[in-house]
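**Q** So for the sequence shown, numbering that gives the first Met the number 0 puts the first residue at 0; every next one is plus one. Mind having a look at this structure? Questions to follow.
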Amino acid sequence: MTKTTLSARQPNRASALCRLAPLFASTAIAGVAIWSDGARSQTVLETIEVTARRDPEQLADVPMSVDVVRPHETLEGPSNAAIDISRRVPNYSVTDVGNPLFAFGAIRGVGTLSFPQNPFDSTIGYALNGTPLSMYGGTQQLLDVSRVEVLRGPQNVLFGRSSQGGTINIIPAEPDGERDIRLRGEIGTRGEYLTDLIAGGTIVPGVLNGRGAIRFTGGNGNVKNLIGGEDLPNRDIGAARGGLRWFLGERTTMTVTGFYENDRRDTFNYILRGGPNYPAVMLDEPLGFSRKLGIGTAEVKHEFDAFNLTGTFGIQDIRARMSSDNTDGLIYSALTGLPPSFFSSASCSDCTRYYFKERAYSGELRASSKDGAPIRWTTGLNIYSSTFSQGGTNASSFGPTQNGLYDAKLDLNSYSAFGEVGLPLNERWTLTPGIRVGHDSVSRKGSYVSNGTPGTVPEFNEYGKVDGAFVAGGATLSYKFNDQSLLYGSIKRGYSNAGFPYFNIFSVFGQPAPSYPASYSWTYEAGGRTVLLDGRLSLEGSVFYNNVSDGHVNSFDLQANQFTIAALDYRTYGFEAAARARVTERWTLYGGIGYTHSAFVNVPANDPTGARNGNSLPGVPLWSGVVGLENRLPLGEFGLDGTLVSSAEFQFTAGRRAADLANTFDLHPYQIVNAKLGWEGERFKVYAFGRNIFNENIEVAGAAYTATVLAVMPGLGRVVGLGAEIKF
Numbered sequence: 000m001t002k003t004t005l006s007a008r009q010p011n012r013a014s015a016l017c018r019l020a021p022l023f024a025s026t027a028i029a030g031v032a033i034w035s036d037g038a039r040s041q042t043v044l045e046t047i048e049v050t051a052r053r054d055p056e057q058l059a060d061v062p063m064s065v066d067v068v069r070p071h072e073t074l075e076g077p078s079n080a081a082i083d084i085s086r087r088v089p090n091y092s093v094t095d096v097g098n099p100l101f102a103f104g105a106i107r108g109v110g111t112l113s114f115p116q117n118p119f120d121s122t123i124g125y126a127l128n129g130t131p132l133s134m135y136g137g138t139q140q141l142l143d144v145s146r147v148e149v150l151r152g153p154q155n156v157l158f159g160r161s162s163q164g165g166t167i168n169i170i171p172a173e174p175d176g177e178r179d180i181r182l183r184g185e186i187g188t189r190g191e192y193l194t195d196l197i198a199g200g201t202i203v204p205g206v207l208n209g210r211g212a213i214r215f216t217g218g219n220g221n222v223k224n225l226i227g228g229e230d231l232p233n234r235d236i237g238a239a240r241g242g243l244r245w246f247l248g249e250r251t252t253m254t255v256t257g258f259y260e261n262d263r264r265d266t267f268n269y270i271l272r273g274g275p276n277y278p279a280v281m282l283d284e285p286l287g288f289s290r291k292l293g294i295g296t297a298e299v300k301h302e303f304d305a306f307n308l309t310g311t312f313g314i315q316d317i318r319a320r321m322s323s324d325n326t327d328g329l330i331y332s333a334l335t336g337l338p339p340s341f342f343s344s345a346s347c348s349d350c351t352r353y354y355f356k357e358r359a360y361s362g363e364l365r366a367s368s369k370d371g372a373p374i375r376w377t378t379g380l381n382i383y384s385s386t387f388s389q390g391g392t393n394a395s396s397f398g399p400t401q402n403g404l405y406d407a408k409l410d411l412n413s414y415s416a417f418g419e420v421g422l423p424l425n426e427r428w429t430l431t432p433g434i435r436v437g438h439d440s441v442s443r444k445g446s447y448v449s450n451g452t453p454g455t456v457p458e459f460n461e462y463g464k465v466d467g468a469f470v471a472g473g474a475t476l477s478y479k480f481n482d483q484s485l486l487y488g489s490i491k492r493g494y495s496n497a498g499f500p501y502f503n504i505f506s507v508f509g510q511p512a513p514s515y516p517a518s519y520s521w522t523y524e525a526g527g528r529t530v531l532l533d534g535r536l537s538l539e540g541s542v543f544y545n546n547v548s549d550g551h552v553n554s555f556d557l558q559a560n561q562f563t564i565a566a567l568d569y570r571t572y573g574f575e576a577a578a579r580a581r582v583t584e585r586w587t588l589y590g591g592i593g594y595t596h597s598a599f600v601n602v603p604a605n606d607p608t609g610a611r612n613g614n615s616l617p618g619v620p621l622w623s624g625v626v627g628l629e630n631r632l633p634l635g636e637f638g639l640d641g642t643l644v645s646s647a648e649f650q651f652t653a654g655r656r657a658a659d660l661a662n663t664f665d666l667h668p669y670q671i672v673n674a675k676l677g678w679e680g681e682r683f684k685v686y687a688f689g690r691n692i693f694n695e696n697i698e699v700a701g702a703a704y705t706a707t708v709l710a711v712m713p714g715l716g717r718v719v720g721l722g723a724e725i726k727f
């Protein structure tokens with residue numbers, strides 16, 4: 000296909016960078032000027048604790064690439080949290096095609112390619128405090144969350160079958176008994192609003208702690224529906240999280256948590272790039288989406304003299320509905336030359352109506368060494384079972400596919416055993432091998448009934464199953480210079496299970512859904528981290544190479560309304576580096592950068608997905624990074640109460656970011672500036688915020704109908720607003 004390059008936005012981006020250059024130059028000069036003052040104050044960075052290896056430990060001791068994001072410190076939009084978190088983490092990208100059910104990610108280029116096949120096909124894993132999550136539940140409100148750990152590289156040993164590229168581990172705030180009662184509110188442009196109520200503390204001293212939080216949030220986008228006049232996407236989201244912790248004796252605790260989210264929004268799939276009144280759509284009705292997400296977990300932990308034993312149980316219930324107009328008037332007018340009004344219908348004749356349901360259970364029994372033991376080890380047994388059903392009606396006037404009544408039911412059953420041990424070779428060297436062995440099975444039962452469209456069979460029923468054993472694991476060799484400096488190298492075997500797509504577009508012809516094979520990969524990584532200048536400067540970095548076989552591809556031909564299921568090999572390599580400096584007691588500077596080169600290899604000639612040897616993976620930026628500056632100015636020295644708090648953050652991508660498998664065109668790089676300025680007292684704070692201050696036109700995803708008719712999914716525009724929080 001012809002590669003299309005549009006340069007109309009280049010002057011705008013250059014202008015934005017020119018406006019930003021003085022800001023960052025002055026910041027750098029100020030940082031140099033005050034560094035010596037910081038040396039006198041002897042301020043240090045906060046110690047970061049993670050559970051990247053399933054038990055709490057300092058980040059300085061972890062021999063892998065980890066990025067930690069604390070949402071309460073991040074200028075994210077609550078209704079867009081998954082995207083905003085990814086922009087703060089180099090080499091982690093999220094593609095959003097209109098709703099959180101289909102928001103999927105890649106770490107170092109390893110992830111879902113083009114479109115997820117089903118909720119089991121994540122390739123990167125999602126977890127809630129170590130409990131595995133469905134891909135359809137991984138993008139959730141980060142309500143009352145203490146941190147999000149982004150673990151790069153295969154995590155199959157400790158996090159399970161779906162962690163071939165890495166894991167996103169969401170760590171909620173614990174019911175630790177500390178009194179914490181807060182009310183927070185925000186209002187902003189585009190109808191943005193947020194209300195959080197958080198309450199935690201001791202319920203029965205020495206026996207029971209509790210914590211709970213509720214949230215209501217939403218807002219509107221800046222994409223105009225030219226038929227109905229709506230500003231899309233418009234979002235209304237309610238969420239609640241709670242936890243109880245019982246102390247069942249001196250050595251035993253039981254923690255029960257629950258999370259619920261109700262997400263309702265009107266949105267869209269793609270819009271015509273550079274079309275009339277951009278950004279705009281012409282839909283008979285917006286893409287209507289609703290999701291009710293419920294997650295429950297229970298953990299019992301007992302401390303024996305020689306080891307700790309932890310049992311966990313998880314349940315997920317996901318119910319979603321979606322309706323959409325398949326023929327955007329602006330896009331199909333560009334395709335056919337017909338006027339946009341030709342594709343308008345009061346009855347929405349080219350609309351789909353779908354439902355999605357998933358119920359998943361997980362259980363794990365894990366034994367691990369005591370904190371500070373001479374040999375660190377973890378071993379356990381795990382089970383994960385999920386039943387997913389999808390169905391609804393399709394109608395399309397562009398060919399026989401996507402016409403009729405569809406129903407499908409998929410079952411996943413996964414059983415595994417795992418273990419990892421850190422073997423000290425001497426005082427500084429440690430060898431850490433790990434392995435997970437297991438068995439996965441995925442079955443699919445489907446049915447189809449025609450709506451009478453010519454070329455379709457009257458009805459069709461099918462059943463298929465794939466199963467098999469798997470082995471994943473690897474080894475890491477690490478060298479510890481001191482308590483705060485570490486070097487490591489690792490070789491890991493990653494795995495993602497085989498399966499079926501939930502939607503079989505070939506059923507209209509009486510053909511069963513094609514399966515896709517399990518994907519395996521080898522990942523080679525070397526890196527390190529250190530803390531310098533008496534604890535005021537932290538540095539970390541890593542280099543990597545991924546060799547992926549049978550990466551799962553679900554390509555959709557938008558013009559022909561047809562899916563192509565394939566398994567393709569690809570390679571990625573690159574690096575990430577990060578630094579954080581406590582320049583003075585008041586100033587903190589941080590930054591990170593990532594580089595990922597990706598390419599398909601061993602692609603069959605004229606592959607129907609459009610992929611070719613050497614093509615870049617879709618949605619993976621060549622460069623990504625973030626730079627931020629934080630300041631806390633106590634006002635006591637001026638005779639005033641409280642502290643003036645300010646922060647600014649610059650997020651960017653650079654280089655090519657292919658929109659599709661065929662590399663028909665590239666998505667525009669983006670440069671986003673967020674900022675926050677506020678006052679904090681002992682119990683009250685107030686602040687002003689700005690997200691995407693320069694109103695950068697962000698392209699989150701893209702698709703090519705033809706070589707010249709290009710469609711994109713735009714990100715959210717500028718939002719400025721005010722917020723306040725009070726503690727009780």
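Backbone N, C-alpha and C fix where the C-beta goes; we use that ideal spot for every residue, glycine too.
Ordered along the chain, which non-local residues of its own chain (more than five positions away) have a Cβ less than 6 Å from that of Arg39?
**A** Taking the first residue of the sequence shown as position 1, residue 39 is located at position 40. Low local confidence applies: a pLDDT of 43 at Arg39 is under 50, so the model's placement there is unreliable, with the coordinate-based value given in what follows. Excluding sequence neighbours, Arg39 sits near nothing in its chain.
**Q** Would you call the CB atoms of Ser518 and Leu660 closer than 8 Å?
**A** In the sequence shown, counting from the first residue as 1, residue 518 sits at position 519. In the sequence shown, counting from the first residue as 1, residue 660 sits at position 661. Against a cut-off of 8 Å, the Cβ pair of Leu660 and Ser518 comes out as no contact.
**Q** Between which two residues does the beta strand (DSSP E) containing Ala366 stretch?
**A** Along the sequence shown, one-based indexing puts residue 366 at 367. Per DSSP, Ala366 belongs to the beta strand (DSSP E) from Cys350 to Ser368.
**Q** Which residues mark the beginning and the end of the alpha helix (DSSP H) in which Met134 is found?
**A** Here the question's residue 134 lines up with position 135 in the sequence shown. Met134 to Gly137 is the span of the alpha helix (DSSP H), which, as asked, contains Met134.
**Q** Please list, in chain order, all residues of the same chain as Ile197 whose beta carbon is under 6 Å from its beta carbon, the five residues on each side excluded.
**A** For the purposes of this step, residue 197 is taken as the residue at position 198 of the sequence shown. Cβ within range, chain order: Asp143, Arg181 and Ala212.
**Q** With DSSP as the reference, identify every bridge partner of Pro171, one or two as the case may be.
**A** Working through the sequence shown from its first residue, we reach residue 171 at position 172. Val144.
**Q** Note down the Cα distance separating Gly509 from Pro668, rounded to an integer number of angstroms.
**A** Here the question's residue 509 lines up with position 510 in the sequence shown. Here the question's residue 668 lines up with position 669 in the sequence shown. Rounded to whole angstroms, Gly509 to Pro668 spans 43 Å at the Cα level.
**Q** Locate the beta strand (DSSP E) running through Leu286, then write down its first and last residues.
**A** As a position in the sequence shown, residue 286 is number 287, starting the count at 1. Looking at the DSSP string, the run of the beta strand (DSSP E) that includes Leu286 is Leu286 to Glu302.
**Q** Go to Ala80, then tell me how far its alpha helix (DSSP H) extends in each direction, as first and last residue.
**A** Numbered from its first residue, the sequence shown carries residue 80 at position 81. First-last of the alpha helix (DSSP H) with Ala80: Ala80 to Arg86.
**Q** Consult DSSP for Pro328 and reduce its assignment to one of helix, strand or coil.
**A** For the purposes of this step, residue 328 is taken as the residue at position 329 of the sequence shown. Checking the sequence shown, residue 328 turns out to be Gly, not Pro. In the structure shown, Gly328 sits in a helix (DSSP, three-state: H, G or I).
**Q** Measuring CA to CA, which of Asp95, Val43 and Gly445 is closest to Asn460?
**A** For the purposes of this step, residue 460 is taken as residue 461 along the sequence shown, with counting starting at 1. Among Asp95, Val43 and Gly445, the Cα nearest to that of Asn460 belongs to Gly445.
**Q** Looking only at its own chain, which residues have a Cβ that is under 6 Å from the Cβ of Phe355, when we skip the five neighbours before and after it?
**A** Position 356 of the sequence shown holds residue 355. Ala319 and Gln389, listed in sequence order.
**Q** Which of the three DSSP states, helix, strand or coil, is assigned to Gly114?
**A** Along the sequence shown, one-based indexing puts residue 114 at 115. Note that residue 114 is Phe in the sequence shown here, rather than Gly. Coil at Phe114, not helix or strand.
**Q** Can you give me the start and stop residues for the alpha helix (DSSP H) that Phe158 sits inside?
**A** To locate residue 158, count along the sequence shown from 1; it is residue 159. Counted as a single uninterrupted DSSP element, the alpha helix (DSSP H) harbouring Phe158 occupies residues Asn155 to Phe158.
**Q** Return the bridge partner residues of Thr188 from the DSSP annotation.
**A** By 1-based counting over the sequence shown, the position of residue 188 is 189. Per DSSP, none; premise fails for Thr188.
**Q** Val49 CB to nearest chain B CB: under 8 Å?
**A** Protein chains in the displayed structure number just one, and chain B is not present.
**Q** Could you pull the DSSP bridge partners for Gln753 from this structure?
**A** The requested residue 753 is not part of the displayed model; the chain covers only 0 to 727.
**Q** Which term fits Asp217, buried or exposed, when burial requires 16 or more other beta carbons within 10 angstroms of its beta carbon?
**A** Taking the first residue of the sequence shown as position 1, residue 217 is located at position 218. The question names Asp, but residue 217 in the sequence shown is Gly. Gly217 should be labelled buried.
**Q** Please name the residue, chosen from Phe312, Phe267 and Val547, that lies closest to Thr254 on a Cα-to-Cα basis.
**A** To locate residue 254, count along the sequence shown from 1; it is residue 255. Answer by Cα proximity: Phe312.
**Q** Quick test of the definition: if touching needs 3 or more C-beta pairs under 8 Å, does the stretch 291-304 touch the stretch 271-282?
**A** They do not touch, by the three-pair rule.
**Q** Pop quiz: Ser615 and Ala598 are said to be a contact at Cβ under 8 Å. What is the actual Cβ separation, rounded to whole angstroms?
**A** The residue you call residue 615 lines up with position 616 of the sequence shown. The residue you call residue 598 lines up with position 599 of the sequence shown. Their Cβ separation, rounded to whole angstroms, is 6 Å, which keeps Ser615 and Ala598 in contact under 8 Å.
**Q** Taking the DSSP output, what are the residues bridged to Gln401?
**A** What you label residue 401 is simply residue 402 of the sequence shown in a count that begins at 1. Paired residue(s): none; Gln401 is not in a bridge.
**Q** With a threshold of 7 Å on Cβ separation, who are the neighbours of Ile202 within its own chain once the five nearest residues in sequence on each side are excluded?
**A** Mapped onto the sequence shown, residue 202 falls at position 203. Same-chain partners within the cutoff: Asn208 and Gly209.
**Q** Can you name, in chain order, every residue of its own chain whose Cβ lies under 6 Å from the Cβ of Gly129, other than the five neighbours on each side?
**A** Counting from 1 along the sequence shown, the entry for residue 129 is found at position 130. So the list reads Arg53, once near-sequence residues are dropped.
**Q** Once the 5 residues before and after Arg87 are set aside, which same chain residues still bring their CB inside 7 Å of it?
**A** By 1-based counting over the sequence shown, the position of residue 87 is 88. Correct list, in chain order: Val68, Thr73, Val625 and Gln650.
**Q** If the criterion is Cβ atoms closer than 8 Å, does the pair Gly257 and Pro171 meet it?
**A** Here the question's residue 257 lines up with position 258 in the sequence shown. Here the question's residue 171 lines up with position 172 in the sequence shown. No, the pair does not count as a contact, with Cβ atoms beyond the cut-off.
**Q** Go ahead and pull the three-state DSSP assignment for Leu666.
**A** Counting from one through the sequence shown, the residue named residue 666 turns up at place 667. Three-state result, Leu666: coil.
**Q** Considering only C-alpha positions, which residue in the set Leu476, Ala576, Asn605 and Gly498 is nearest to Glu539?
**A** Within the sequence shown, residue 539 is the residue found at index 540, counting from 1. If we check each option's Cα against that of Glu539, Ala576 comes out closest.
**Q** List, from N- to C-terminal side, the beta strand (DSSP E) runs of 3 residues or more that fit wholly inside the stretch 665-704.
**A** 670-679, 683-690 and 698-703
**Q** Ala126: which of Val149, Gly187 and Phe114 sits nearest, CA to CA?
**A** Your numbering for residue 126 matches position 127 in the sequence shown. Considering only alpha carbons, the answer is Val149.
**Q** Please tell me whether Phe688 and Gly714 are closer than 8 Å, where the distance is taken between their beta carbons.
**A** By one-based count along the sequence shown, residue 688 stands at place 689. By one-based count along the sequence shown, residue 714 stands at place 715. No; because the gap between Cβ atoms is not below 8 Å, this pair is not in contact.
**Q** Using the three-state DSSP reduction, which class does Thr571 fall into: helix, strand or coil?
**A** The count along the sequence shown starts at 1 and reaches residue 571 at position 572. It is a strand residue.
**Q** For Asn612, count the other beta carbons within 10 Å of its own beta carbon; 16 or more makes it buried, fewer makes it exposed. Which is it?
**A** Along the sequence shown, one-based indexing puts residue 612 at 613. By the 10 Å Cβ count, Asn612 comes out exposed.
**Q** Where does Phe119 fall in DSSP's three states?
**A** Counting from one through the sequence shown, the residue named residue 119 turns up at place 120. Coil at Phe119, not helix or strand.
**Q** Can you name, in chain order, every residue of its own chain whose Cβ lies under 6 Å from the Cβ of Leu476, other than the five neighbours on each side?
**A** Indexing the sequence shown from 1 puts residue 476 at position 477. For Leu476, where only same-chain residues beyond five positions count, the Cβ hits under 6 Å are Leu430 and Gly488.
**Q** Near Asp549, which residues of its chain fall below 8 Å by C-beta distance, leaving aside the five closest residues on each side in sequence?
**A** Position 550 of the sequence shown holds residue 549. Tyr515, Pro516, Ala517, Ser518, Tyr519, Ala566, Leu567 and Asp568.
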